[in-house]
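Counting from -8, one number per residue, gives the positions in the sequence shown under the numbering used here. Where is the CB? At the ideal position from N, CA and C, for every residue including glycine. A short write-up of the structure that comes next.
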Amino acid sequence: MRNTYKKLGIFLGVLLLISATSCKKLLEQVPKNSTYQQVFWKNANDARYAISGNYALVRAAMTNYNDRYYMYGEAVAKNYFTIQYNGDGLEGIQNGDYTFQYNLENLGNYTYYYKAIAMSNIVIKNVSKMTDEQLQTEDNPTAFRNNILGQALFLRAFSYFMMVRVWGDVPIVTEAYDDPLTAPQLPRSPKADVMKLIEDDCHKAAGLLTWSYASAGDAKVTANAGAVYALLAHLYLWRATMLDVSTDNPNITDVNSADTTINTLMARGGYSLSDTSKYKSVFVGRSSEGIFEINMSENTLEGSNAGIGIRFLNQSYINQGSTNPRDFVVPNYLSEHYGSGSTDIRYTNNFELVSTTQPMCTKYSNVIYRNLAQKLDPYLSNNMIIFRLSDFILLKAEIALYKGDKFSAITIINNWRTRFDKNPNLIDDSYSLSDVMYEYGIERGKEFYLEGTIFYDLLRTREYQNHVDWLTSPRFKAEGYYWPVDPALFKQNPLLKQTKYWLGKV
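Laid out in structure tokens, this is it:
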């Protein structure tokens, strides 16, 4: 036991080194002569510790700086929720201005993602070399090795996918350098190359992972083949529509690849929709429709006391909470997506104070008090939902529209509305293809509110024109939806270039 704690302590120290180092190098690693290299990679537990650290770094990349995952994927689509001023200028991004100092230094900085990628590269390099003898505690050393490698490949692909949607071109790092002083400075690679790396990593990971989990505790919050196929499907649709934005016509090859990937995911994944009577349980986490989630459960003391969900809740949900939470729902979002007096389950479960100027989102409201006796120290125990079955059922409608199959898209949308509403607003064949696409965007806006995906949906489908007033068509064509890169990253790497749209603006 003492040896186990010693090794875990060393590994946690490595995480601190990776997290605390400066931005002098794009890839921050541990020197080759460190204790880390001497004592790690000797047995299966070492590999487990390393991949756990990889997940921790991915979570940090997505949650730091005001839950950046939701800032990129939702807050910028300002007609969905409002961020009230709190001294950091974060509300500026809702008007398409990413140049506020706080936003540039934090949301414009991708270092946290590269720390996660660095750990993936370290795991891939070292676990690949572990022998069956070193893994002799496992019933099947080959299967164990493959599982760890598959997860590391998925996490690397996932990190790059997060970045390619935010910055477009980003540096590609796939090597683990024993000495950070010898790590090369790298320029930004074209987004087409980044997407190809994501695709390749997913294909490799899919060949290494199974559709099941090694243990029940790993379910949903670690990657399996289902998580890989989910990421791959989203990659194909993003590439189909966003690689070349000079045209609104999607690349049908990628659309077809997304279609077959989703078909495989739905046929082999074993996922099922949760009963609508248990709607809120989906967002607590590990539901039957969950595919991949970031663990934020208080069962393991990993809840959030400052995340996106808690910033909407007032004192009726949090003891001694705010009477005026920083974030609130835009009233026009509710009227546009639901109308008045809606009977949609998502409306009645997710929103309160709907008749006021500052409606409240209660989608994430599973509050746990660490000081239960006095109801103090509140934490949200809601996992961050990344991929779930509902997403891919609706994506089938998007794919149908890209193929000109209006009837199939209408059927999917109507079935979805009927599932949640006893008085659904159904559409019919009199709607044009563009009308159906608008209704599809409305449906995704209802289904995935505050799940960090709406802005990307609007970009893919070109529905941003109906919802995001700051993103004009000329700015879209100039790829002005991408973020600038924090200028601090250029100081030690002259090969980096600023995002094209932001040249001369930051």
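Who are the near neighbours of residue i in its chain, counting only those whose CB is closer than 6 Å to its CB and skipping five residues on each side?
i	result
K195	L144
Y262	E280, L380
L486	Q176, P178
N457	none
S248	Y227
D192	L144, R147, A148
F31	D37
K366	N310, Y360
A197	A216, V219
P241	A231, T232, Y393
P132	D123, L126
K413	T334
Taking the straight line between their C-alpha atoms, what separation do you get for residue i and residue j?
i	j	result
S326	V459	16 Å
Y168	G332	59 Å
I189	L222	9 Å
K387	Y204	27 Å
L494	E293	40 Å
L141	I42	In the sequence on display, residue 141 carries Gly and not Leu. Computed Cα separation, rounded: 10 Å.
S516	S421	The structure shown has nothing for residue 516, since the chain only spans -8 to 497.
D419	N406	12 Å
Y103	A52	5 Å
T122	L200	19 Å
G44	D209	14 Å
A109	Y447	26 Å
E343	F319	10 Å
N57	D130	43 Å
A214	L304	31 Å
A297	E434	29 Å
D266	S272	10 Å
L253	I243	Residue 253 is actually Ile in this sequence, not Leu. Rounded to the nearest angstrom, the two C-alpha atoms are 15 Å apart.
F467	I404	27 Å
S119	R337	46 Å
K491	S111	29 Å
V212	R277	8 Å
Q311	Q349	19 Å
M503	D235	No answer is possible for residue 503: the residues shown for the chain start at -8 and end at 497.
T334	K437	13 Å
G330	N323	9 Å
V185	F152	8 Å
E166	S313	47 Å
V275	K116	35 Å
K269	F411	12 Å
L385	A134	34 Å
T173	A207	41 Å
Output needed for residue i: all residues of its chain with C-beta closer than 7 Å, excluding positions within five of it in sequence on either side, in chain order.
i	result
R259	W202
L256	G217, Y220, A221, A224, F383
D368	Y360, R361, N362
D239	R453
G443	Y60, Y61, G64, E65
N416	R408
L449	A68, G432, Y455, H458, V459
S13	In this prediction, S13 scores a pLDDT of 34, lower than 50, which makes its location untrustworthy; no coordinate-derived value is stated.
I377	F283, E284, I285
V345	L325
A469	Y492
Q306	G312, S313, T314
V114	A41, I42, N45, I139, A143
Apart from the five residues just before and just after residue i, which ones in its own chain have a Cβ nearer than 8 Å to its Cβ?
i	result
L424	L392, G395, K397
N34	Q125, L126, T128
E82	T73, I74, Q75, Y76
Q489	P475, V476, P478, F481, V497
I445	G64, E65, A68, Y71, R435, G436, F439
Nearer than 7 Å: is that true of the beta carbon of residue i relative to any heavy atom of the ligand FMN?
i	result
G99	Absence of the ligand FMN from the depicted structure is noted, as is the absence of any ligand whatsoever, leaving it without description.
Give the C-beta separation of residue i and residue j to the nearest angstrom, bearing in mind that I take them to be a contact with Cβ-Cβ under 8 Å.
i	j	result
K106	Q85	The pair is not a contact, with the Cβ atoms about 28 Å apart (cut-off 8 Å).
G80	Y93	5 Å
I401	V246	Their Cβ separation, rounded to whole angstroms, is 18 Å, which puts I401 and V246 out of contact at 8 Å.
L441	I299	7 Å
W461	G87	3 Å
| task | For the segment 369 to 417, list the alpha helix (DSSP H) runs that are entirely contained and at least 4 residues long, ordered along the chain. | result | 380 to 393, 397 to 411
| request: Specify whether the segment 90 to 102 and the segment 473 to 486 touch according to this definition: at least 3 beta carbon pairs, one from each stretch, less than 8 Å apart. | output: yes
| Looking at C-beta atoms only, is the number of pairs between the segment 279 to 297 and the segment 371 to 381 that lie closer than 8 Å three or more? | yes
| request: Inspect the CB distances between the segment 228 to 243 and the segment 347 to 362 and report whether three or more fall short of 8 Å. | output: no
| message | Counting beta carbon pairs with one atom in the segment 459 to 474 and one in the segment 156 to 166, are three or more of them shorter than 8 Å? | response | yes
| task | Would you list, in sequence order, the uninterrupted alpha helix (DSSP H) runs of no fewer than 4 residues that lie entirely inside the segment 239 to 282? | result | 243 to 259, 272 to 275
| query | Counting only runs that start and end within the segment 142 to 208, where is the alpha helix (DSSP H) found for 4 or more residues in a row? | reply | 182 to 199
| task | Jot down the residue ranges of each uninterrupted beta strand (DSSP E) in the segment 58 to 106, minimum 3 residues, whole runs only, in chain order. | result | 72 to 74
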